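> Numbering (the working numbering), first residue to last: 83 to 328.
Here a beta-carbon is modelled for each residue, glycine too, at the ideal position from N, C-alpha and C.
The model shown is predicted, which means the values in this text are computed figures rather than measured ones.
Attaching a single structure in structure tokens format; questions to follow.
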């Protein structure tokens, strides 16, 4: 495994692990409250290293080994964190691999990084989830609480409750990607498990339909959940990376 290094980012001191190799550099973008030590990130790093491929994984502010408070962050901050690490550490073309919230962040980066993006793999991608998931699912009481008190807490199947802040909701509305054009001139592969309890299949279809590109494919995997980390799932991610240019 690559050693963890740090840079001073726009919002915090940011942790990352970079493996040198041939390009395009594969960049793994983790999900909400996840970090770069997750199963998919570590597996793909080893897979890339075995093939002499450049690879980057990172922690957003308030996540993993990066500094900052999770509750203080938002989509715009975390996208800026990822962009800062990518621009400081890598050169040349990129393949963005986004898991859950990382899929949303990857779509934002396709606009910000422009021609550097050579491919995109979305794993249970969750674009616009602060609005279409959190806010849409809130009761009137929860909406009032988050707007007046600044935070509400939602139960999680993966550990401690999620802290959903007013800033997260309001910033999310500034970064929605399913309401504006989403051109992707490069190959795109979207992977979605049928047993995903966090991201609905309707979300995967909405992203698939919304992306404007010549080579966009969506695969549903029967029986797979949101983690998408079983051996067959990891093999599918590897295949998707190869298909988009890896």
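Exposed or buried, which one is residue 127 when buried takes at least 16 other CB atoms within 10 Å?
For the purposes of this step, residue 127 is taken as residue 45 along the chain shown, with counting starting at 1. Residue 127 is buried by the Cβ-count criterion.
> Whose C-alpha, out of 196, 206 and 133, is nearest the C-alpha of residue 315?
Translated into the one-based positions of the chain shown, residue 315 becomes position 233. For the residues 196, 206 and 133, the minimum Cα distance to residue 315 belongs to 206.
> Hey, out of 322, 125, 261 and 232, whose CA is closest to residue 249's CA?
Here residue 249 corresponds to residue number 167 of the chain shown, with the count starting at 1. Looking at the Cα atoms, 232 is the closest of the given residues.
> Compare the C-beta of residue 204 with all C-beta atoms of chain D and state if any pair is closer than 8 Å.
Of the chains in the structure shown, none is chain D; there is only one protein chain.
> What are the partner residues of residue 212, as DSSP defines its beta bridges?
Position 130 of the chain shown, counting from 1, holds the residue named residue 212. Partner(s): none; residue 212 has no beta bridge.
> If contacts are defined as beta-carbon pairs under 8 Å, then residue 162 and residue 186 qualify, I think. What distance do you get, rounded to the angstrom?
What you label residue 162 is simply residue 80 of the chain shown in a count that begins at 1. What you label residue 186 is simply residue 104 of the chain shown in a count that begins at 1. Incorrect: roughly 14 Å between the Cβ atoms, too far for contact.
> Taking DSSP as the reference, what is the three-state secondary structure of residue 297?
As a first step, residue 297 is located in the chain shown; it is residue number 215 there, counting from the start. It is coil, neither helix nor strand.
> With a threshold of 16 other CB atoms inside 10 Å of the CB of residue 164, please say whether the residue is buried or exposed.
For the purposes of this step, residue 164 is taken as residue 82 along the chain shown, with counting starting at 1. Answer is buried; the Cβ neighbour count reaches 16.
> With 16 other CB atoms within 10 Å as the buried threshold, where does residue 266 fall?
Here residue 266 refers to the residue found at position 184 of the chain shown. That one is buried.
> Near residue 235, what residues of its chain come up, given a Cβ to Cβ distance below 8 Å and the 5 sequence neighbours on each side ignored?
On the chain shown, position 153 is the one that residue 235 refers to. For residue 235, where only same-chain residues beyond five positions count, the Cβ hits under 8 Å are 243, 244, 245 and 246.
> Please go through the region 205 to 271 and give each complete alpha helix (DSSP H) segment of 4 or more residues, from N-terminal end onward.
Segments of the alpha helix (DSSP H) lying fully in the region 205 to 271: 222 to 231 and 248 to 256.
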